[in-house]
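Visitor:
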Amino acid sequence: MMVKAFNQRVFLLLFIVCLVAVFINPNTSQAATDLADGTYTINYTVLHADNDSASMANDYWEKPAKIIVKDGTMQMQMTINHSSWVTEFKVPAGGGYRDVDVISTDSGADKRVVQFPIEDLSKPLASKIHVTVKDIDYDHDYTIRFSFDTNSIKPVGTVKPATNNSSEAPVKNNVAKESNESTKTTASTENETKTETANTIENPETGDTAMISLFIFIFALSGAYLVWKLKATSFR
9 MMVKAFNQRV
19 FLLLFIVCLV
29 AVFINPNTSQ
39 AATDLADGTY
49 TINYTVLHAD
59 NDSASMANDY
69 WEKPAKIIVK
79 DGTMQMQMTI
89 NHSSWVTEFK
99 VPAGGGYRDV
109 DVISTDSGAD
119 KRVVQFPIED
129 LSKPLASKIH
139 VTVKDIDYDH
149 DYTIRFSFDT
159 NSIKPVGTVK
169 PATNNSSEAP
179 VKNNVAKESN
189 ESTKTTASTE
199 NETKTETANT
209 IENPETGDTA
219 MISLFIFIFA
229 LSGAYLVWKL
239 KATSFR
């Protein structure tokens, strides 16, 4: 009888551990398809290649980064200070590494904005950099990792569809000739579009909350049954 009671206590303990593991952080995984088309910010830390402590390179990458999602694909934009020191920055691609794309350069501030595609924000992104400081004859290659805080993601705007240059001029001319009524209609349409985009971002969170509540109810009910069963057994 004592062995049976002990086994039930062990089972109850394992049940509680599993419950905590499931619900302690349900939103750690973040892929491109989880985000509606738009622009977001995200915080991150630059880590060493072989441990989770912050690398010296962490000070050279400004926070937050920017995520641009369009048609289910994700692009990451980062700003590097001391740009003249970080002479190379490569990210994984096709089984190897590729140079990131340079979006803009500010020589006066010694900064540059880079961009690269990314698929999964829940895992650290391994990258390769080359650091050169001519004044002290420093020249080294490093492997670093970017750890993204998916809980810090915040929307900052929406991606506008591309417009062909050939049709841009006629559109502007027509707008200049349109009446005030047409202008109001266009503004109303834009407001509706923004509202729909906001709902697209918020709705998945509402659905996730409802599902989590259901799981919590089921686990709580199961736990209550196990506790009752354990007490009933102990009095036999």
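Numbering-wise, the sequence shown is residues 9 to 244 according to the numbering used here.
Beta carbons: idealized from backbone N, C-alpha and C, even for Gly.
Keep in mind the model is a prediction, meaning the values are calculated, not measured.
Given that a residue counts as buried once 16 or more other Cβ atoms are within 10 Å of its Cβ, and exposed if not, what is valine 152?
Guide: Contrary to the premise, residue 152 reads as isoleucine rather than valine in this sequence. Result: buried.
Visitor: Expressed to the nearest angstrom, what Euclidean distance is found between the alpha-carbon atoms of tryptophan 69 and asparagine 89?
Guide: Answer to the nearest angstrom: the Cα atoms are 6 angstroms apart.
Visitor: Going along the chain, which residues of its own chain have a beta-carbon closer than 8 angstroms to the beta-carbon of asparagine 173, five neighbours each way excluded?
Guide: Any answer about asparagine 173 is weak, because its pLDDT of 44 lies below 50 and its placement is not dependable; what the coordinates show is given next. Result list for asparagine 173: empty, nothing under 8 angstroms.
Visitor: Which residue comes first and which comes last in the beta strand (DSSP E) that contains glutamate 127?
Guide: From DSSP, glutamate 127 is part of no beta strand (DSSP E); its letter is neither H nor E.
Visitor: Buried or exposed: which applies to threonine 95, given that a residue is buried once 16 or more other Cβ atoms fall within 10 Å of its Cβ?
Guide: It is exposed - the Cβ of threonine 95 has fewer than 16 other Cβ atoms within 10 Å.
Visitor: Can you list, in chain order, the residues of its chain with a C-beta nearer than 7 angstroms to that of aspartate 109? Leave out the 5 residues immediately preceding and following it.
Guide: Once the five neighbours on either side are set aside, the close Cβ partners of aspartate 109 are Val122, Gln123, Phe124.
Visitor: Please say whether arginine 120 and serine 112 have beta carbons closer to each other than 8 angstroms?
Guide: Yes.
Visitor: Sorted by chain position, which residues of the same chain lie with C-beta nearer than 7 angstroms to lysine 162's C-beta, five sequence neighbours on each side aside?
Guide: These residues qualify, in order along the chain: Tyr48, Thr49.
Visitor: Among His148, Asp114, Asp147, Tyr105, which one has its Cα closest to the Cα of serine 135?
Guide: If we check each option's Cα against that of serine 135, Tyr105 comes out closest.
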